[in-house]
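In terms of the working numbering, the sequence shown is numbered consecutively and its last residue is 647.
Quick reminder that beta carbons are idealized off the backbone N, C-alpha and C, glycines included.
Input: a single structure, listed below in structure tokens.
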Amino acid sequence: LWGGTEAIKDLTTTEVCETFLKPMTQTSGLSLCAQLYLSNTTFNSTPVVQDAKWFISHAWKYKFTSVIGALYNFCAKEQLDPETTIIWFDLFSNSQHGTAAKPFEWWETVFMNAVKSIGNVVMVLQPWDDPIPLKRVWCIFELYASTVTNSQFHVAMSTDEETQFLNALVAMLTISRILGNVNSQKSESWNPSDRESIFEVIRQTVGFVALDRLVLDTLANWLISTGTEKYYALLNMLGGIAHLQGEYTKAEEILIDCLEGRKKLLGIEHANTLATMNDLALVFQSQGKKEEAKSLHIESLQIHKTLFGLENERTVTVMNNLATIHQDMGNLKEAEILSRECVEIAKRLFGENHKETIIFSSNLAQTLQDLNQYEEAETLLLDCLPRFRETFGNDHPNSLQLINNLSQLYYSKNEYEKAEPLSLNALRLEVEFKSLFNLTVLRNAQGLADVKLFSECLSSCQSVLGPEDPDSLVLMMLYAAHLRSRREFEMAEILMIECASSYTRVLGPEDSSTLAANDVLAQIYQSQRKLNEAEKLFRNNLEIRVRVSGENSASALASMNRLGLVLWFMDREQESERILLESLARHKITLGEDHQATRELIETIRMLYESVGRIDDAAALI
């Protein structure tokens, strides 16, 4: 419009007004906002002139681009979209023609009511070590107005200015210098009549001494909150580092402190508070504290819906987090509903080929795979993979994850001839130990893995990732299951006891991975006819899954089946039959009679009946 940033980069706001603004509005004599409003000007089909939410206080001696840079930085910190955030900016909101002095009544009524209706005053405070606004009568009065109208007071700085200021904030001299600039009676104005009019308002209302005290208190409170928020920002970062290092207890303690502090300082609806809430939920998830994680994600989602609506980038991200925890808890129907909604919203917000859309689609595919809905899961993954490769390349981590997900889906369907090329492709692209891990998992599914391959891969994983890394523990579990299939029960039991103990120690006794490890250990006991030990583990797992995920969850139903079978082998036929038939009834209600898992359970019960000569009961199930 004015020749771009290059044309105005060295101009003050005053010079921009004289060079560009006044010529644009000379004919109408109106403010630019009034002129645009009367001409019904729009941007992206939305009126460019609307009710302001932010009153901008600034000195006209600044470079105009510095003011705009400070406001962009402020928007970034407050998580506001600069294109849709409506501000009151005097250069544009006031007429710059015939700017006569305003009478006392105007300052006491019109101006004060305008500030009150907007509700937020943002002071552009530059340079940080000698802020010009604290010497300008207009800015002093605007700060006063923000206080007496109970408006929120904010400060905006450019990125560089803010960095220098925060680094210097630890020095008491810096604080004294900033607050020492407050002397309203020495404040200036380029228009002497404005200065006198505002001074008259001050004399008849608050007085200069009280005004200085009020301004000083407002700035001091801002300095305290700024310094405190810097502390919480560092605290949040330390919590994140502890999480990455696997120090979950420490991360939880740090982030709980940070969340409580930010709630008090910023409020529950502030972007930084919500970010800490999300980080804490992820730590809970890593610890296996799924109920706590779910509660935080639900609370966060409700707040995001209220503030931003459903069709919002942050809202859909939180919704995806909630879907993930439901999937992790075995609440697969809830996860499916949320994941489908995430995918549809992401398509509208970002488009089909955006990373978030593809990731959400991949998450949905994983949930569908867990629900044994293999055909739709395969269709989704086959659709996602080429689009992600095209956008981000073959060796992008998410491309590799999609390859692995598709490979796992194929071997879940026993389609090993499709799965192996995918894992071999990942082998060429991924780091060596990770590729070895994936190939070992696949070969194990095909029955082609041997003890040497497992031993080599487990040693590599434990060396590179650590003995209690999730991949190391998964591999140990598969190795134990492989040894069980070879009837090497003693070694399998030793490995699995170590694996289950590690899962319990790292993730807690109620984590889904811990429960899966105990299932494998119970199956090894069952193979050795150590049926009492197997029953104890299966029964404990069932109780936990019912309590955590609900009695109709897929994981709880699978546990019922395992317990029912081991009781049958213990010749406790009546108790076994009662549990298996109850599981069958729940399968029919939850999954439907035609679901693969329901049909497999019917076939299992039928075979058990036949094994004890109950032919009529077996026939009734057909």
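_Which of the three DSSP states is assigned to P72 in this structure?_
It is a strand residue.
*Can you tell me which of the three DSSP states H179 falls into?*
Correct three-state label for H179: strand.
*In this structure, does DSSP put S460 in helix, strand or coil?*
Residue confidence for S460 is low, a pLDDT of 47 falling below 50, so the modelled location carries little weight; the figure read from the coordinates is stated next. Under the three-state reduction of DSSP output, S460 falls in the helix class.
*Nearest to T168 by alpha carbon, out of T188, K141, L431 and Q229?*
Looking at the sequence provided, one finds Leu at residue 168 rather than Thr. Selection T188, K141, L431 and Q229 evaluated against L168 yields K141 as nearest (Cα-Cα).
*Going by DSSP, name the residue or residues bridged to N145.*
Partner residues in the beta bridge of N145, as assigned by DSSP, are Q177.
*To the nearest angstrom, how far is it from the Cα of E455 to the Cα of I428?*
At E455, the pLDDT of 43 sits below 50, so the modelled position is not reliable; the number obtained from the coordinates is stated separately. Near 11 Å, if we compare the C-alpha coordinates of I428 and E455.
*Could you spell out where the alpha helix (DSSP H) holding F45 opens and where it closes?*
Here F45 belongs to no alpha helix (DSSP H), and DSSP marks it neither H nor E.
*Secondary structure at K314, three-state DSSP: helix, strand or coil?*
If DSSP states are grouped into helix, strand and coil, K314 belongs with coil.
*What number of angstroms, rounded off, separates the C-alpha of S183 from the C-alpha of S91?*
Pairing S183 with S91, the inter-Cα distance amounts to about 7 Å.
*Name the residue from I569, N337, S82 and W27 whose alpha carbon lies nearest to the alpha carbon of I165.*
Residue nearest to I165 within the set I569, N337, S82 and W27 is S82 (criterion: CA-CA distance).
*Using only alpha-carbon positions, find the residue among P411, R412, V74 and L393 that is nearest to Q433.*
Among P411, R412, V74 and L393, the Cα nearest to that of Q433 is on L393.
*Straight-line CA distance for I370 to I111?*
The alpha-carbon separation between I370 and I111 amounts to approximately 26 Å.
*Compare the C-beta of S580 against all C-beta atoms of chain D and say whether one is closer than 8 Å.*
Among the chains of the structure shown, chain D does not appear; only one protein chain is present.
*On the premise that S584 lies in contact with N566, defined as a C-beta separation below 8 Å, what is that separation, rounded to the nearest angstrom?*
Confirmed, about 5 Å.
*Helix, strand or coil for K34, going by three-state DSSP, please let me know.*
Taken through DSSP and simplified to helix, strand or coil, K34 comes out as coil.
_Exposure of S538, with buried meaning 16 or more beta-carbon neighbours within 10 Å_ = The residue is buried, with at least 16 neighbouring Cβ atoms inside 10 Å.
_Taking 8 Å as the cut-off, does the region 524–540 touch the region 299–318 (at least 3 CB pairs, one atom from each stretch)?_
Result yes; three or more Cβ-Cβ pairs closer than 8 Å.
_Range covered by the alpha helix (DSSP H) that runs through W593_ = Taken as a continuous stretch (DSSP letters only), the alpha helix (DSSP H) holding W593 covers A579 to F594.
*Between the Cα of E518 and those of W113, K555, M137 and Y435, spot the shortest distance and give me the residue it belongs to.*
Ranking W113, K555, M137 and Y435 by CA distance to the CA of E518 puts K555 first.
*Apart from the five residues just before and just after H268, which ones in its own chain have a Cβ nearer than 6 Å to its Cβ?*
Excluding sequence neighbours, H268 sits near A276 and V308.
*Give every residue of the same chain whose Cβ lies closer than 6 Å to the Cβ of N261, excluding the five residues on either side of it in the sequence, and list them in chain order.*
Within the same chain, N261 has close Cβ partners C283 and T301.
*K380 by DSSP, collapsed to three states: which one?*
Helix.
*Figure out for me which residue from S480, Q177, H122 and Q75 has the closest Cα to the Cα of C42.*
Nearest C-alpha to C42: H122.
_Pairwise C-alpha distance: S364 and E344_ = Per the sequence presented here, residue 344 reads as Met, with Glu not at that position. Straight-line spacing of the CA atoms in M344 and S364 works out to 8 Å.
*May I ask you to verify whether the region 327–338 touches the region 540–559, counting CB pairs closer than 8 Å and requiring at least 3?*
In the pairwise beta carbon analysis, the region 327–338 is classified as not touching the region 540–559: fewer than three pairs are separated by under 8 Å.
*asked:* What does the Cβ neighbour count give for L259, buried or exposed, with the cut at 16 atoms within 10 Å?
replied: With fewer than 16 Cβ atoms within 10 Å of its Cβ, L259 is classed as exposed.
*For I110, does the three-state DSSP call read helix, strand or coil?*
It is worth fixing the name first, because residue 110 is Thr in this sequence and not Ile. Taken through DSSP and simplified to helix, strand or coil, T110 comes out as coil.
*Residue interval of the beta strand (DSSP E) (run including S82)*: Counting along the chain, the beta strand (DSSP E) containing S82 begins and ends at W79 to S82.
*Identity of the residues DSSP links to T67 by a beta bridge*: DSSP output for T67 lists P72 as bridge partner(s).
*Leaving out the 5 sequence neighbours to the left and right, which residues in its chain are closer than 8 Å to Q60 when beta-carbon positions are compared?*
Once the five neighbours on either side are set aside, the close Cβ partners of Q60 are M49, T50 and S53.
*On a CA-only basis, which of D35, G271 and V573 is nearest H351? Give me that one, please.*
Looking at D35, G271 and V573, the one whose alpha-carbon comes closest to that of H351 is V573.
_Top-ranked residue by Cα proximity to I293, from E560, L332 and W593_ = Ranking the options by Cα distance to I293, first place goes to L332.
*Helix, strand or coil for K88, going by three-state DSSP, please let me know.*
In the structure shown, K88 sits in a strand (DSSP, three-state: E or B).
_Only counting the same chain, and skipping five residues up and downstream in sequence, which positions put a Cβ closer than 6 Å to that of N346?_
Shown here for N346: same chain residues with a beta carbon closer than 6 Å to its own, the five before and five after excluded, namely H322 in chain order.
_Contact defined as beta carbons within less than 8 Å: I believe L36 pairs with T44. What is the distance between those atoms, to the nearest angstrom?_
A Cβ-Cβ separation of about 7 Å places L36 in contact with T44 under the 8 Å criterion.
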